[in-house]
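Take a look at the structure below.
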Amino acid sequence: MIKSINNLKKQEKDNFNIPKSIQQVIPIQRIWTDGIFLVGKNKYSQTFKFSDINYAVASKEDKEAMFLEYGELLNSFDSGATTKITIALRRINKKDFEKEILLPFKEDGLDIYRQEYNQMLLDKAVNSNGMVREIYLTISVFKKSIEDARNYFRRVSTDIVSHLAKLGSKCIELDAREKLRILHDFYRIGEEINYNLDIKDFIKKGHNFKDYICPDGFSFKKDYFEMGKKYGRVLFLKEYASYIKDSMIAELTDMNSNMMMSIDIIPIPTDEAVKEVENRLLGVETNITNWQRKQNANNNFSAVIPYDLEQQRKESKEFLDDLTTRDQRMMFANLTLVITADTKEKLDADTETILITGRKHLCQIAPLTYQQMDGLNTALPIGVRNVKILRTLTTESLSALMPFRVQEIMDKGGINYGENAISHNLIMVNKENLQNQSSFLLGVPGSGKSFSAKELIVFLALSTDDDIMICDPEGEYSALGGEVIEVSASSKDHINPMDMVEGYGDGLNPVIDKSEFVLSLFEQLDKAGLGPKEKSIIDRCTQLTYDEYHKTGTVPTLMTLREKLLEQPEKEAGALALTLEMFTNGSLDVFAHETNVNISSRIVSYDIYKLGKQLKTMGLLVITDAMINRVSDNFKKGKRTHIFIDEIHVLFENEYSATFFNSAWRQFRKRNAYPTAITQNVQYLLASVDATTMLSNSEFIVMLNQASSDRKELGDLLNISKLQMSYITNSDAGCGLIRYGSSLVPFVNKFPKNTKLYKLMTTKPGD
């Protein structure tokens, strides 16, 4: 017997006591507020929670990298401790869901839309999986005191967090309240929303924490148990297949029932493992030698070694090679899982589903007989191992029991973006949780791009008090309400591009930023480009214009700028004034007047549909500048602004407008504004270095159906695998990929057509 296992058995050896109360079933003797539990004689445990990653939709190369990195995590486990990886499935509590997700009514005339939105979410929740999948890692170690245990957990936590970070998984250490919540939600299914444990208050009153989390009753039978009004059963992996697919754990946990599945792992020191395998190999060689000696004694010199002995020799040699040359470790493992149901019939049906899934993967799963209580405590992320069944595995073999599947996006206070195409759970996005709130919406015509943008705008209007500003090149957003500003040569609505609020710009001197904006305007007016003399004159006149504004208080316009140009002695200044004449005194003087529209409305939509091709880029620049003013003003008031700019690729057609917009994009992000860029021409966008940088740095990107050339460009830029690419290839309207932080999540977003919201947002002529 291996020395480590012998020591572990001695340490875990304890007197068997029949529990006389429900509380005694829970094998926790003492807790500390930092999350360390005493679960046996000198045995301490600590639990970590780590997020799921997109293993199921990763490319073959990425899967191999994740598999190897997960193996590195397993290899990092300390041989002096027992590690338990737990996958917890629990159904979303309906009351909890309604409290966190549904929109409250405000009696502002829009409650009819909020009611439709809430009903749509409830309908989607009913049809969705409705399960929350969480993964925990529990480490148990024998130490003489809590101080020794605390120092040990502090040391190993750094290693665990760093290995999981390489996988793209975020890991947090759970405190006592969070750990007890896991147990409370399992023991008291349906009462999750009632959890409000105050540990300090319990300590003050001298109450036992077990009284708060334990169920109403326990009754353990031969192969199942009753817990309160629920039925449960503990099963274990009895027989392993020669080759286990990495999808087996995902399939076992793809159920609509509450479940806890745990894999107990006991790493063995390499020197002990090598010695053990060498002894086993020596024993096999001895048996083969004895067999050959018997055959020789019977004059059977040509006898072939029996298959079973030859196989034992081969497997022992392979195992030894794994340990000595392939950086594998010997590990003892045990898989247990507990499922619960409302009725015994449902429990039996779920059990049969699990057994069938096991047989599909050539594994045998069986219920524990007369060990249901021990199995229950082993399956839960407490830190005990009362089921002593063990299987010898290498790191690589154990890695096949892959706990990762697909990342879920279920942010509190989030906005619905459809449902996860893999798990069928709702996707609720709150961009506040991202480091960078800038976003892009990409898709070919007919992919549902405009509908998705309108859907987001409507939901922001219904669920928040934030301001919303829209640049609308196709006249599609006017139906959403708010102030619609028609920007065209014949319109009576005017926007003054020379307006400048306090705090405008990205630096200490706002005139410098305004000068950059004016340069980009002139770049649009004269396609031949500006020379160094023209740039100097424009910069000088811009400074003079605002010097006069500070003296007189009269807001300047483009006419004021033209007058300053005419005052300059250089002939180039006269040429610049002539270039500007048509846009100040001529027929295209739409931007030469003082602002005469209400730009302080909560929703402002700039409609440039009738502006014409010649003025469209200039119009986009002027609108972007007006948005900067509004964002700067809102930032001083502590108010958030959402920016939507359609056909953004137009702004990157020349150097100065691209530079100006890139600067504006940074200003939006720094001033509590969430900009969203919308375009169908991804290839044109990626032709600009500035646009490519903005796209790659954005942490939220919605990709709908893409053209073949755009798919290749996006795949290279965002590292999208071929499997993930299939979700944006000939996909239905409203379906595609969401880049959320560093993850790519496939989604499906079908909106009910028989609603007022759909009629408000649709762009299809037939609808």
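Take 225 as the starting number for the sequence shown in the working numbering and just add one per residue.
Idealized CB from N, CA, C, for every residue including glycine.
Cβ shell of residue i (< 6 Å), same chain only, five flanking positions each side left out
{"i": "K757", "result": "E796"}
{"i": "L614", "result": "F556 and N558"}
{"i": "L749", "result": "T803"}
{"i": "S825", "result": "G706 and E707"}
{"i": "S393", "result": "F274, S275 and I277"}
{"i": "Y773", "result": "P780"}
{"i": "I847", "result": "C695 and Y830"}
{"i": "R504", "result": "S540"}
{"i": "Q536", "result": "V508"}
{"i": "N601", "result": "P251, V608 and N610"}
{"i": "I246", "result": "C438 and F442"}
Within-8 Å CB hit, residue i to chain B
{"i": "T900", "result": "Considering every chain present, this structure includes no chain B. It has just one protein chain."}
Same chain, Cβ closer than 8 Å to residue i, neighbours up to 5 away in sequence not counted
{"i": "F291", "result": "D470, S623 and M626"}
{"i": "T548", "result": "V498"}
Burial state of residue i (16 or more Cβ within 10 Å)
{"i": "T778", "result": "exposed"}
{"i": "E656", "result": "exposed"}
{"i": "P669", "result": "exposed"}
{"i": "H866", "result": "buried"}
{"i": "R379", "result": "exposed"}
{"i": "G452", "result": "buried"}
{"i": "Y594", "result": "exposed"}
{"i": "P328", "result": "exposed"}
{"i": "A685", "result": "buried"}
{"i": "E576", "result": "exposed"}
Chain-order list of residues whose beta-carbon lies under 7 Å from that of residue i (same chain, five-residue window excluded)
{"i": "N660", "result": "R893, N921, S922 and E923"}
{"i": "N929", "result": "G667, V668, S671, I952, N954, S955 and G960"}
{"i": "A703", "result": "L984"}
{"i": "D598", "result": "N610 and V611"}
{"i": "T903", "result": "L666, E871, I872, H873 and L909"}
{"i": "T986", "result": "F675"}
{"i": "E877", "result": "T841"}
{"i": "A474", "result": "A280 and R629"}
Distance between residue j and residue i (C-alpha atoms, nearest Å)
{"i": "I869", "j": "K678", "result": "12 Å"}
{"i": "D849", "j": "V855", "result": "10 Å"}
{"i": "S386", "j": "E397", "result": "13 Å"}
{"i": "D478", "j": "I406", "result": "20 Å"}
{"i": "I719", "j": "I823", "result": "9 Å"}
{"i": "N858", "j": "E700", "result": "26 Å"}
{"i": "L334", "j": "T883", "result": "40 Å"}
{"i": "E450", "j": "F444", "result": "6 Å"}
{"i": "E293", "j": "T618", "result": "15 Å"}
{"i": "L942", "j": "R864", "result": "28 Å"}
{"i": "P899", "j": "S744", "result": "20 Å"}
{"i": "N766", "j": "T979", "result": "It should be pointed out that residue 766 corresponds to Thr in this sequence rather than to Asn. Rounded to the nearest angstrom, the two C-alpha atoms are 51 Å apart."}
{"i": "G958", "j": "L404", "result": "40 Å"}
{"i": "T616", "j": "I229", "result": "12 Å"}
{"i": "I384", "j": "S950", "result": "34 Å"}
{"i": "P976", "j": "Y337", "result": "13 Å"}
{"i": "V249", "j": "P243", "result": "6 Å"}
{"i": "L361", "j": "E340", "result": "41 Å"}
{"i": "G965", "j": "G638", "result": "15 Å"}
{"i": "S715", "j": "I832", "result": "10 Å"}
Cβ pair residue i, residue j closer than 8 Å
{"i": "L561", "j": "A603", "result": "yes"}
{"i": "R786", "j": "L804", "result": "yes"}
{"i": "P721", "j": "L790", "result": "no"}
{"i": "N511", "j": "F366", "result": "no"}
{"i": "N820", "j": "V725", "result": "no"}
{"i": "V735", "j": "I762", "result": "no"}
{"i": "F274", "j": "Y268", "result": "no"}
{"i": "K348", "j": "L680", "result": "no"}
{"i": "D286", "j": "G264", "result": "no"}
{"i": "N482", "j": "L313", "result": "yes"}
{"i": "K834", "j": "E710", "result": "yes"}
{"i": "N907", "j": "S932", "result": "Reading off the sequence, residue 907 comes out as Gln, not Asn. Taking 8 Å as the Cβ cut-off, Q907 and S932 do not qualify as a contacting pair."}
{"i": "L476", "j": "E502", "result": "no"}
{"i": "A282", "j": "S945", "result": "yes"}
Requested in this report: Count the CB pairs spanning the region 649-667 and the region 889-904 that are closer than 8 Å, and state whether there are at least three.
Outcome: yes
Query - Any 3 or more C-beta pairs closer than 8 Å across the region 963-976 and the region 626-645 - result: yes
Report task. Could you say if the region 354-364 and the region 253-260 meet the contact criterion of at least three C-beta pairs nearer than 8 Å? Result -> no
Query raised in the report: Can you find at least 3 beta carbon pairs, one from the region 581-589 and one from the region 425-432, that sit closer than 8 Å?
Result: no
Query raised in the report: So does the region 406-419 actually touch the region 308-321, counting three or more Cβ pairs closer than 8 Å?
Result: yes
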